[in-house]
Amino acid sequence: MIQELLDSSVLIGIATSGIRLATPYLYAAIGETFGQRSGVLNLGVEGIMLMGAFSGFWAVYVSGSLFFGVLAALLVGLLMGLGTAFINVTLKAEQGISGIGIFLFGLGLSELLFQQSFDSVVTVRGFPRVNIPVLSDIPVIGEVFFRHNVLVYVAFALVPIAWFVLNKTTLGLKIRAVGQNPQAADAMGISVARVRYFTVTLGGMLAAMAGASLSIALLNVFQQNMTAGQGFIAVALVYFGSWRPFGVMAGALLFSTVNALQLWVRTKGIDIPAEYASMAPYLLTILALVFASQRVDQPAALTKPFERGE
Amino acid sequence: MPILAVIAALLIGAVILLLMDADPIEAYKALYEGAFGTKNTFADTLIKATPLLLVGVGICISFRGGVVNIGGEGQMIVGGLAATALALANPDASAEFLVPACLAASFVAGAIWGGIAGVLKAYFNVNEILSTVMLNQIATYWMIYLMNNTLIDPDQLTAASRIPETDRLPRQSDLPRIGPWLDSLYEWLGLNGADSTRWAPTLLHIGIIVGVVFAILVWILLWRTTLGYRIRAVGKNPRAARYAGIRTKRYMVLSLLLSGGMAGLAGGVQVLGVRHRMSAEGGAIAFTGNAGFNGIVAALFGKLHPLGTIPASVLFGALLVGGNKLQRTVQVPSALTTVLISLVIIFVVSSDLWSRQRARRRVSSASAESAPASSAPPAAEMDRVG
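Those protein sequences? They're chains Z and X, same order as listed.
The opening residue of the first sequence carries number 23 in my numbering; numbering runs sequentially from there.
The opening residue of the second sequence carries number 1355 in my numbering; numbering runs sequentially from there.
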């Protein structure tokens, strides 16, 4: 098995699918990073992903246009993000629980709409593979990095953008201030609520994109509960990445590569039972959390609603 | 307040129904009939309420102890697996041994699964929300593995279909049916007048009674014992609890341990009372029926009070059973009930703010009149901590 694994074509295959499979995690986890940096834990990512996956799929199916698919997903993500912000920021709900509510809402509504709209399993023509000129011809590297669909490239482009926004702009400074010390931020004239509405809504749109990247780019189908826990893992990746975009990306890649590896192991029918291989990413996440939590403290105001004058 | 949340959820549900060209009144009538229409449907409602109650009572412990246990699904699964394995290993044991032993095994298995998250939180600083979610997935794959290999029904191994499920458990492990008892009770009370239907043919098993008994026990534990007081003290204010000499980490682990144990018990009751075998067919959700999550909703709805969780579980059990009827009569997917339940949970947690603010206003107006007695814990309880 080790011999076979070291074969270059197998390694390239695993690395390539590792990159591809990281896509939904990246969208969802980068969006969640913004929310958590500002002090809001949105545990409902999974539900927003499902709604994004459905709406994107539906729009592509009806219109035949990928543009409308992305637009529909973003719009639904915007609405669900606003709703989440309203519940967590304005109504100051307990975030661990409201997130479960949002998850169940997305789970139920996407299934309801799916069963209402489609009688059988259908597929759509999703985002095609785009080979980047010149770069995709580089041996190995070209194959691994530059022969994917557009949503994969956008997902990876989000990482440096998120890093730049969080660390080099006034907006990022405000987000971090609100997450670290909302009282001080408030005293300096920053509207805590407005910043959190922005980050949570952005997180909702990116979560919906994460779902759409599954339904109209990676798999090109919709099934009930098709995200199967990926949204929850995305939340864990934010902790794993210590609330830093590049850390989150490292976590997403580690996770997706282990996933690609276990998929390969399964196709080979090797001694390791497939179910144990499937468990590996989750065990790895727990171990990763054990190590990650020793290193950095979370944003001080995470999960704490802001109350003026307390 | 929670009743308002249900009404609001039903109103939004009505809008969804209208958008789907279904008559909301007819739909809700079908839902009610489907849940409470006959003794048979009412029995179904109680059967569906049972795992919600057991999980929910556990959730009361963990949330009161300041830890968020969303690992009910995984804890149910390992509980079910433990009961299944023990029953299959003892095909000749007596019912008097097998039923309690299997239930105890399911409690212990769930407690271990919850306890892992507790240890990770207390000693390794790992957020329990995340670890319990991961443990849910791990339990799911473990169950699928066992159903396909170690525990698979030997007949299924050779069958062409090869359904991943165990053999039927020995009959002695079945939870006793309580229909006949209820019939005698009805007769004794003279309630059987015009209604000729009986409880006996229903599948109602002793699980609901187990649930109610545990709800009472946990209420006593949380509000009538030092142990429970300390669990709640850690949940209310961990720092103050530590200064008062409570070993907070141990109580965090204990909260998750007990909470997981209750969910494990729910899994055991599902196996012994309803399915009589474990199956991976239809995924983990076919076994748990989302009770690991819906139990949280029931507990919240019951204001995190074990006794309040009893009626709350019946309500949500009714929604689940009625949802199936809804699907059959008005052709609306039963996923609508998931949406309704999610709306209830969202409204309940959101309306927390208003109840909190009202409470604060009441406290401040009360303290203006008298001494601020309400904010400090009673002296007697403080003594017990010291």
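Glycine included, every Cβ here is placed at the ideal spot set by N, Cα and C.
Residues near residue i by beta carbon distance below 7 Å, same chain, minus five either side
{"i": "residue 1723 (chain X)", "result": "Caution applies to residue 1723 (chain X), whose pLDDT of 43 falls short of 50 and renders its modelled position unreliable; the value that the coordinates give is listed next. Same-chain partners within the cutoff: there are none."}
{"i": "residue 338 (chain Z)", "result": "Lying before the first or after the last residue shown, residue 338 (chain Z) is absent from chain Z, which here runs from 23 to 332."}
{"i": "residue 1356 (chain X)", "result": "1655 and 1702"}
{"i": "residue 40 (chain Z)", "result": "275, 278, 279 and 282"}
{"i": "residue 1434 (chain X)", "result": "1460, 1621, 1622, 1624, 1625, 1632 and 1641"}
{"i": "residue 219 (chain Z)", "result": "107 and 111"}
Extent of the continuous alpha helix (DSSP H) run through residue i
{"i": "residue 1678 (chain X)", "result": "1660-1684"}
{"i": "residue 1394 (chain X)", "result": "1393-1418"}
{"i": "residue 189 (chain Z)", "result": "172-190"}
{"i": "residue 1503 (chain X)", "result": "Premise fails: residue 1503 (chain X) is in no alpha helix (DSSP H) and is neither H nor E."}
{"i": "residue 151 (chain Z)", "result": "Element bounds for residue 151 (chain Z): not the alpha helix (DSSP H) but the beta strand (DSSP E), 151-153."}
{"i": "residue 221 (chain Z)", "result": "214-235"}
{"i": "residue 1607 (chain X)", "result": "1602-1624"}
{"i": "residue 208 (chain Z)", "result": "204-209"}
{"i": "residue 1552 (chain X)", "result": "Counting along the chain, residue 1552 (chain X) falls outside any alpha helix (DSSP H), and DSSP gives it neither H nor E."}
{"i": "residue 1650 (chain X)", "result": "1645-1655"}
{"i": "residue 69 (chain Z)", "result": "67-85"}
{"i": "residue 88 (chain Z)", "result": "88-107"}
{"i": "residue 1520 (chain X)", "result": "Run containing residue 1520 (chain X): none; DSSP gives neither H nor E here."}
Enclosing beta strand (DSSP E) for residue i [first to last residue]
{"i": "residue 32 (chain Z)", "result": "First-last for residue 32 (chain Z): 30-59, but that is the alpha helix (DSSP H), not the beta strand (DSSP E)."}
{"i": "residue 1481 (chain X)", "result": "Segment: none, residue 1481 (chain X) is in no beta strand (DSSP E) and carries neither H nor E."}
{"i": "residue 288 (chain Z)", "result": "Careful: residue 288 (chain Z) lies outside any beta strand (DSSP E), inside the alpha helix (DSSP H) at 267-290."}
7 Å Cβ cut-off: residues of chain X touching residue i
{"i": "residue 202 (chain Z)", "result": "Within 7 Å Cβ-Cβ: nothing; residue 202 (chain Z) doesn't reach chain X, min ~18 Å."}
{"i": "residue 122 (chain Z)", "result": "1424, 1647, 1650 and 1699"}
{"i": "residue 254 (chain Z)", "result": "1487"}
{"i": "residue 243 (chain Z)", "result": "Result: empty, since nearest Cβ-Cβ is about 17 Å, beyond 7 Å."}
Close-in-space but distant-in-sequence residues of the same chain around residue i (CB under 8 Å, 5 per side omitted)
{"i": "residue 124 (chain Z)", "result": "64, 65, 66, 69, 70, 102, 105, 106 and 109"}
{"i": "residue 1487 (chain X)", "result": "1424 and 1425"}
{"i": "residue 1684 (chain X)", "result": "1371, 1376, 1377, 1380, 1381 and 1384"}
{"i": "residue 1680 (chain X)", "result": "1381, 1384, 1385, 1388, 1686, 1688, 1690 and 1691"}
{"i": "residue 1524 (chain X)", "result": "1441, 1442, 1444, 1445, 1446, 1447 and 1452"}
{"i": "residue 1358 (chain X)", "result": "1701 and 1705"}
{"i": "residue 165 (chain Z)", "result": "34, 38 and 158"}
{"i": "residue 1510 (chain X)", "result": "1516, 1517, 1518 and 1519"}
{"i": "residue 1401 (chain X)", "result": "1557, 1558, 1559, 1561, 1562, 1627, 1628 and 1671"}
{"i": "residue 1664 (chain X)", "result": "1407, 1565, 1566, 1569 and 1656"}
Beta-carbon neighbours of residue i, restricted to chain X and to distances below 8 Å
{"i": "residue 199 (chain Z)", "result": "Under the 8 Å cutoff, chain X gives no residues; its nearest Cβ is about 23 Å from residue 199 (chain Z)."}
{"i": "residue 298 (chain Z)", "result": "1495 and 1499"}
{"i": "residue 251 (chain Z)", "result": "1487, 1490 and 1491"}
Partner residues on chain Z for residue i, Cβ-Cβ distance less than 7 Å
{"i": "residue 1492 (chain X)", "result": "301, 304 and 305"}
{"i": "residue 1431 (chain X)", "result": "Within chain Z, no residue comes near residue 1431 (chain X); the closest Cβ sits about 13 Å away, beyond 7 Å."}
{"i": "residue 1689 (chain X)", "result": "130, 133, 134 and 137"}
{"i": "residue 1696 (chain X)", "result": "123, 126, 127 and 130"}
Residue from the options whose Cα sits closest to the Cα of residue i
{"i": "residue 1504 (chain X)", "options": "X:1365, X:1443 and X:1560", "result": "X:1443"}
{"i": "residue 1517 (chain X)", "options": "X:1499, X:1605, X:1633 and X:1586", "result": "X:1633"}
{"i": "residue 261 (chain Z)", "options": "Z:245, Z:319 and Z:282", "result": "Z:319"}
{"i": "residue 1628 (chain X)", "options": "X:1454, X:1545, X:1561 and X:1595", "result": "X:1561"}
{"i": "residue 1658 (chain X)", "options": "X:1699, X:1675 and X:1510", "result": "X:1699"}
{"i": "residue 323 (chain Z)", "options": "Z:34, Z:48, Z:43 and Z:58", "result": "Z:58"}
{"i": "residue 350 (chain Z)", "options": "Z:89, Z:54, Z:329 and Z:33", "result": "What the structure shows of chain Z is the stretch from 23 to 332, and residue 350 (chain Z) is not part of that stretch, so it cannot be assessed."}
{"i": "residue 1499 (chain X)", "options": "Z:321, Z:327, Z:299 and Z:30", "result": "Z:299"}
{"i": "residue 284 (chain Z)", "options": "Z:169, Z:196 and Z:37", "result": "Z:37"}
{"i": "residue 136 (chain Z)", "options": "Z:112, Z:77 and Z:95", "result": "Z:77"}
{"i": "residue 128 (chain Z)", "options": "Z:91, Z:163 and Z:247", "result": "Z:247"}
{"i": "residue 245 (chain Z)", "options": "Z:189, Z:160, Z:120 and Z:146", "result": "Z:146"}
{"i": "residue 56 (chain Z)", "options": "Z:257, Z:302 and Z:288", "result": "Z:257"}
{"i": "residue 302 (chain Z)", "options": "X:1367, X:1454, X:1491 and X:1677", "result": "X:1491"}
{"i": "residue 43 (chain Z)", "options": "Z:305, Z:83, Z:167 and Z:205", "result": "Z:167"}
{"i": "residue 143 (chain Z)", "options": "Z:133, Z:150, Z:149 and Z:152", "result": "Z:133"}
Test: residue i CB closer than 9 Å to a CB of chain B
{"i": "residue 115 (chain Z)", "result": "Here chain B cannot be found, since the structure's protein chains are Z and X."}
Same chain, Cβ closer than 6 Å to residue i, neighbours up to 5 away in sequence not counted
{"i": "residue 1391 (chain X)", "result": "none"}
{"i": "residue 1726 (chain X)", "result": "In this prediction, residue 1726 (chain X) scores a pLDDT of 36, lower than 50, which makes its location untrustworthy; the coordinate-derived value is nonetheless stated afterwards. For residue 1726 (chain X), where only same-chain residues beyond five positions count, there are no Cβ hits under 6 Å."}
{"i": "residue 243 (chain Z)", "result": "145"}
9 Å Cβ cut-off: residues of chain X touching residue i
{"i": "residue 261 (chain Z)", "result": "1480, 1481 and 1484"}
{"i": "residue 277 (chain Z)", "result": "Per Cβ cutoff of 9 Å: no residues; residue 277 (chain Z) is ~11 Å from chain X at best."}
Chain Z residues whose Cβ lies nearer than 8 Å to that of residue i
{"i": "residue 1704 (chain X)", "result": "109, 113, 115 and 120"}
{"i": "residue 1364 (chain X)", "result": "Near residue 1364 (chain X) there are no residues of chain Z at all, since even the closest Cβ is about 14 Å away, more than 8 Å."}
Neighbouring residues, chain Z, relative to residue i (Cβ below 9 Å)
{"i": "residue 1374 (chain X)", "result": "134 and 138"}
- Inspect the CB distances between the segment 176-188 of chain Z and the segment 263-272 of chain Z and report whether three or more fall short of 8 Å. yes
- Message: For the pair the segment 1618-1636 of chain X and the segment 1506-1521 of chain X, tell me if three or more CB-CB distances fall below 8 Å.
- Response: yes
- Does the segment 1615-1627 of chain X come within contact of the segment 1475-1485 of chain X, defined as at least 3 CB pairs closer than 8 Å? no
- Task: Specify whether the segment 169-176 of chain Z and the segment 111-120 of chain Z touch according to this definition: at least 3 beta carbon pairs, one from each stretch, less than 8 Å apart.
- Result: no
- Validate contact between the segment 1533-1541 of chain X and the segment 1456-1468 of chain X using beta carbons, cut 8 Å, 3 pairs: no
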